Amino acid sequence: NALFQFDFETNTWSRVCTEHLLRSAGPAPARRYGHVMLHHARHLYVFGGAADSTLPSDLHCYDLDTQMWSVVQPASDS
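Numbering (this note's numbering), first residue to last: 39 to 116.
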């Protein structure tokens, strides 16, 4: 369950400590692999991937300012 960040100025990868992400408030996403994560406007979004024998289709959002997880509910017409 590792998270890495890429520094575009030095062209290097480094491991990010994630313990605070897993202990933060709100429903943290289940451990998974093959998912997509992106950063937008001080939020990290995690979608899809595989967890154990399931293929989750939930979208989780981590607010970097409040350090809280939330589940994003898509609009019913999407």
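All C-beta atoms in this analysis are idealised placements derived from N, C-alpha and C, irrespective of residue type, glycine included.
No experiment lies behind these values; they were computed from the predicted model shown.
Within 10 angstroms of the Cβ of HIS77, are there 16 or more other Cβ atoms? Answer buried if so, exposed if not. So HIS77 counts as exposed.
To the nearest angstrom, report how far apart VAL54 and LEU41 are at their CA atoms. Taking C-alpha positions only, VAL54 is separated from LEU41 by approximately 5 Å.
Just to confirm before moving on: does the CB-CB distance between ALA88 and GLY72 stay below 8 Å? Taking 8 Å as the Cβ cut-off, ALA88 and GLY72 qualify as a contacting pair.
Beta-bridge partners of ASP96, as assigned by DSSP: Its beta-bridge partners do not exist; DSSP assigns none.
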